[in-house]
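K.L.:
For what it's worth, my numbering labels the leading residue of the sequence shown as 48, then goes sequentially. The following block contains the structure, expressed as structure tokens.
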Amino acid sequence: MSLLAFCEWLAATRGSIALHESLVMYPLIESTHVLALTLFVGLAVILDLRLLGLALTRVPVTDIATRLLPWTKVGFTVMVITGVLLFYAIPVRTYQSIFFRVKVVMLILAGLNVWIFNNRVFLRVGEWDRDARTPKAARRAALFSLILWGGIIVAGRMIAYNWFDCDIQPQPAIVNFVAGCVVPPPAP
Numbered sequence: 048m049s050l051l052a053f054c055e056w057l058a059a060t061r062g063s064i065a066l067h068e069s070l071v072m073y074p075l076i077e078s079t080h081v082l083a084l085t086l087f088v089g090l091a092v093i094l095d096l097r098l099l100g101l102a103l104t105r106v107p108v109t110d111i112a113t114r115l116l117p118w119t120k121v122g123f124t125v126m127v128i129t130g131v132l133l134f135y136a137i138p139v140r141t142y143q144s145i146f147f148r149v150k151v152v153m154l155i156l157a158g159l160n161v162w163i164f165n166n167r168v169f170l171r172v173g174e175w176d177r178d179a180r181t182p183k184a185a186r187r188a189a190l191f192s193l194i195l196w197g198g199i200i201v202a203g204r205m206i207a208y209n210w211f212d213c214d215i216q217p218q219p220a221i222v223n224f225v226a227g228c229v230v231p232p233p234a235p
């Protein structure tokens with residue numbers, strides 16, 4: 048079964064239809080997603096600015112991380128749950144959105160950035176915890192984080208627009224390819 052076929056099956060389920068057509072639940076889930084994103088990204092930005100040496104330079108990095116990470120994890124968890132529900136409500140259109148695909152790639156890169164930071168750079172935080180200027184690798188991870196999360200937010204917002212929806216044809220072949228559109232050949 049292809050991913051598109053899976054999304055078509057998912058869209059036909061009673062839960063997906065009910066959620067998509069709900070006048071209350073869909074907007075509530077979408078609003079919760081945005082609020083959780085605000086919590087997560089807002090706290091991540093504080094840590095990133097500290098790593099860049101632009102804010103709270105007198106506070107040890109570990110103090111900031113210890114205080115912010117529990118709330119960051121809450122925001123991330125709620126953001127993921129509500130994001131999955133938003134996808135569940137409109138799976139085919141979301142799957143075929145160029146902006147959704149860009150968002151997913153950036154989410155993977157952001158996760159990789161966090162993994163590398165935690166498993167390489169942060170392991171040696173004791174050596175630079177109180178330094179106003181953190182190591183280059185920490186600053187690079189913070190900069191990537193800010194860029195990626197900014198891009199994720201923009202791409203996520205753009206999903207709502209139908210600029211490149213598969214049902215709007217004709218479109219350039221590259222758009223159809225990137226979006227995964229299945230376009231029937233022109234009639235003879």
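Note that beta-carbon positions come from the ideal geometry of N, C-alpha and C, so glycine has one too.
Is the segment 120-136 close to the segment 68-87, with three or more CB pairs under 8 Å?
P.N.:
Because the criterion of three Cβ pairs below 8 Å is met, the segment 120-136 and the segment 68-87 touch.
K.L.:
List the whole-angstrom C-beta distance separating L132 from L66, where the pair is believed to meet the contact cut-off of C-beta under 8 Å.
P.N.:
So it is a contact: roughly 7 Å between Cβ atoms.
K.L.:
Following the continuous alpha helix (DSSP H) through E77, name the residue where it begins and the one where it ends.
P.N.:
From DSSP, the alpha helix (DSSP H) with E77 extends over 72-98.
K.L.:
Should S192 be labelled buried (16 or more other beta-carbon atoms within 10 Å of its own) or exposed?
P.N.:
Answer is buried; the Cβ neighbour count reaches 16.
K.L.:
What residues in its chain sit with their C-beta under 6 Å from that of V225, if we drop five residues either side in the sequence?
P.N.:
Result list for V225: I145, in chain order.
K.L.:
With DSSP run on the structure shown, which of helix, strand or coil describes T181?
P.N.:
Looking at T181 - three-state DSSP - the assignment turns out to be coil, as it is neither helix nor strand.
K.L.:
Exposed or buried, what is Q143 when buried is set at 16 or more other beta-carbons lying within 10 Å of its beta-carbon?
P.N.:
The residue is buried, with at least 16 neighbouring Cβ atoms inside 10 Å.
K.L.:
Of the residues P117, F164, D178, which one's Cα is nearest the Cα of A184?
P.N.:
The residue with the shortest Cα to Cα distance from A184 is F164.
K.L.:
Is it the case that the segment 86-98 contacts the segment 191-210, given that we only count it when at least three CB pairs across the two stretches are under 8 Å?
P.N.:
They touch, by the three-pair rule.
K.L.:
Compute the Euclidean distance between the alpha carbons of M153 and V127, then round it to the nearest angstrom.
P.N.:
Using only the alpha carbons, I get a separation of about 14 Å.
K.L.:
Following the continuous alpha helix (DSSP H) through D110, name the residue where it begins and the one where it ends.
P.N.:
Per DSSP, D110 belongs to the alpha helix (DSSP H) from 108-136.
K.L.:
Is F211 helix, strand or coil when you go by DSSP?
P.N.:
Of the three classes helix, strand and coil, the one that applies to F211 here is coil, per DSSP.
K.L.:
Pull up the distance between the alpha-carbon of A83 and that of D214, whole angstroms please.
P.N.:
Straight-line Cα distance between these residues: approximately 32 Å.
K.L.:
With distances taken between CB atoms, is the gap from L57 to S63 smaller than 7 Å?
P.N.:
Yes, these two residues count as a Cβ contact at 7 Å.
K.L.:
Could you check where the alpha helix (DSSP H) with G30 kicks off and where it finishes?
P.N.:
Because the chain in this structure spans residues 48 to 235, residue 30 falls outside the shown range and cannot be described.
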